[in-house]
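Since the structure comes first, as structure tokens, the remarks are kept for the end.
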Amino acid sequence: MIPSSFDYHRPGSISEALDLLQKHGEDASLLAGGHSLLPAMKLRLSTPAHLVDIGRIDELRQIRQDGGDVIIGAGATHHDIESSDLVASGAPLLAQSAAVIGDVQVRNAGTIGGSIAHADPAADYPAAVLVSDATVEVLGQGGARSIAAADFFRDLFDTALEAGEIITGLRVPGAASGTGTAYLKFPHPASRFAVCGCAAAVTVSAGACTSARVAFNGIASAAFRDAGVENALAGASLDEDSVRTAVAGAADGKQLLEDTFAGQDFRRQLARVYARRAVMAAAANA
Numbered sequence: 002m003i004p005s006s007f008d009y010h011r012p013g014s015i016s017e018a019l020d021l022l023q024k025h026g027e028d029a030s031l032l033a034g035g036h037s038l039l040p041a042m043k044l045r046l047s048t049p050a051h052l053v054d055i056g057r058i059d060e061l062r063q064i065r066q067d068g069g070d071v072i073i074g075a076g077a078t079h080h081d082i083e084s085s086d087l088v089a090s091g092a093p094l095l096a097q098s099a100a101v102i103g104d105v106q107v108r109n110a111g112t113i114g115g116s117i118a119h120a121d122p123a124a125d126y127p128a129a130v131l132v133s134d135a136t137v138e139v140l141g142q143g144g145a146r147s148i149a150a151a152d153f154f155r156d157l158f159d160t161a162l163e164a165g166e167i168i169t170g171l172r173v174p175g176a177a178s179g180t181g182t183a184y185l186k187f188p189h190p191a192s193r194f195a196v197c198g199c200a201a202a203v204t205v206s207a208g209a210c211t212s213a214r215v216a217f218n219g220i221a222s223a224a225f226r227d228a229g230v231e232n233a234l235a236g237a238s239l240d241e242d243s244v245r246t247a248v249a250g251a252a253d254g255k256q257l258l259e260d261t262f263a264g265q266d267f268r269r270q271l272a273r274v275y276a277r278r279a280v281m282a283a284a285a286n287a
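Heads up: the sequence shown at position 36 corresponds to 37 in our numbering, and the numbers run straight through without jumps.
The structure is reproduced here in structure tokens:
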């Protein structure tokens with residue numbers, strides 16, 4: 002299908018983009034990579050009268066270090082993140098997630114800011130953002146805000162981002178010594194979206210887990226950390242049988258998605274399998 006008519010704007014700065022959002026209000030949508038918005042526009046599920054293209058704002062594409070933290074600009078593409086030495090060393094879970102998004106064309110166009118703002122439950126970044134304890138940095142006419150990842154993802158395509166705000170980047174704190182990370186998923190064979198994805202960060206000492214963070218995407222209406230699995234892993238040995246026992250309750254008590262791709266029971270089983278695999282891989286990377 003053909004999108005409905007719209008006016009196209011290409012601001013040269015974040016402040017100019019904010020002014021356009023304020024001027025046009027609910028009639029405006031932000032365009033970054035376009036891999037979420039443009040298909041919706043073609044189906045007329047989204048019909049903005051004004052399209053504000055922030056994909057060429059250089060300050061949004063920067064990846065830099067700030068003390069012990071890594072700052073990833075919202076306009077950084079998946080390829081930028083996948084291929085960044087700084088992200089690989091300072092925020093490896095984001096690099097691991099970026100590397101398995103879609104295909105080469107998608108990774109060269111899609112952006113991390115657009116992905117997390119869209120908040121598709123099957124997207125690859127949200128679980129990694131949660132496990133990384135990242136902070137989402139946003140800017141609006143009222144000033145700058147920092148939103149903890151745990152507070153950012155609310156529900157299906159719903160975030161804490163307010164009208165007129167732009168995500169400027171993510172702040173990812175450095176990992177503790179002895180910590181390894183991994184992101185693994187069971188992908189849909191066509192779209193490569195996650196039917197179940199699991200991100201894990203495991204801190205290892207003397208062959209045992211001293212702390213763990215585990216999050217899922219693709220199985221519920223929003224990505225979530227699994228406190229039950231994390232608590233079961235704390236102090237556990239990291240041999241396969243011990244990890245399998247620790248993750249046996251993965252996603253217990255959680256309302257899971259059921260669709261043409263997978264039912265709830267299958268997704269719950271996938272959660273257990275991929276939690277075990279991700280934890281074992283993270284421990285091996287520690």
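Glycine residues also receive a C-beta, built at the ideal position from the N, C-alpha and C atoms. Values in this document were obtained by computation on a predicted structure and should not be read as measured data.
Can you give the Cα-Cα distance for residue i and residue j, rounded to whole angstroms?
i: Q23; j: Q142; result: 8 Å
i: A247; j: F158; result: 31 Å
i: T112; j: A33; result: 7 Å
i: D227; j: G165; result: 32 Å
i: G219; j: A249; result: 18 Å
i: A252; j: A92; result: 25 Å
i: H25; j: S16; result: 14 Å
i: I168; j: S5; result: 26 Å
i: R273; j: T136; result: 27 Å
i: L39; j: D86; result: 31 Å
Considering residue i, what are the terminal residues of the beta strand (DSSP E) in which it resides?
i: V139; result: 136 to 141
i: D8; result: 8 to 10
i: S212; result: 209 to 218
i: H79; result: H79 -> not in any beta strand (DSSP E); alpha helix (DSSP H) instead, spanning 79 to 83.
i: R57; result: Element bounds for R57: n/a, residue is neither H nor E.
i: Q66; result: 64 to 67
i: A29; result: 29 to 32
Could you please give the first and the last residue of the uninterrupted alpha helix (DSSP H) stretch that includes residue i?
i: I117; result: 113 to 119
i: A279; result: 265 to 286
i: T246; result: 241 to 247
i: I15; result: 15 to 25
i: S90; result: 86 to 91
i: L39; result: 38 to 43
i: D156; result: Per DSSP, D156 belongs to no alpha helix (DSSP H); it is in the beta strand (DSSP E), 154 to 156.
i: A145; result: Where A145 is concerned, there is no enclosing alpha helix (DSSP H), although the beta strand (DSSP E) it sits in stretches over 144 to 149.
Let me make sure I understand the geometry here. Which of the options has the alpha-carbon closest to that of residue i?
i: N286; options: F194, A201, G115; result: A201
i: Q106; options: A282, G264, T78; result: T78
i: G175; options: A89, D20, L61; result: A89
i: S147; options: E138, R155, F153; result: E138
i: N109; options: V130, I117, Q97, S84; result: S84
i: R269; options: S243, P40, F217; result: F217
i: A75; options: D59, D67, D86; result: D59
i: I102; options: A223, H80, G179, A118; result: H80
i: L171; options: G115, S212, E163, G181; result: G115
i: S222; options: A149, G144, R278, D156; result: D156
i: K255; options: A282, F225, G181; result: F225
i: R11; options: V53, G264, A233, L46; result: V53
i: A151; options: V130, G69, L271; result: V130
i: P127; options: L95, A100, G144; result: L95
i: A50; options: F7, T160, A263; result: F7
Please state if the CB of residue j and the CB of residue i are separated by a distance shorter than 8 Å.
i: R214; j: V132; result: yes
i: I55; j: R65; result: no
i: V230; j: A284; result: no
i: A183; j: Q63; result: no
i: A209; j: G179; result: no
i: V280; j: L234; result: yes
>> For a minimum of 3 consecutive residues, which ranges assigned as the beta strand (DSSP E) are wholly contained in the region 159 to 236?
In response: 167 to 173, 180 to 188, 195 to 206, 209 to 218
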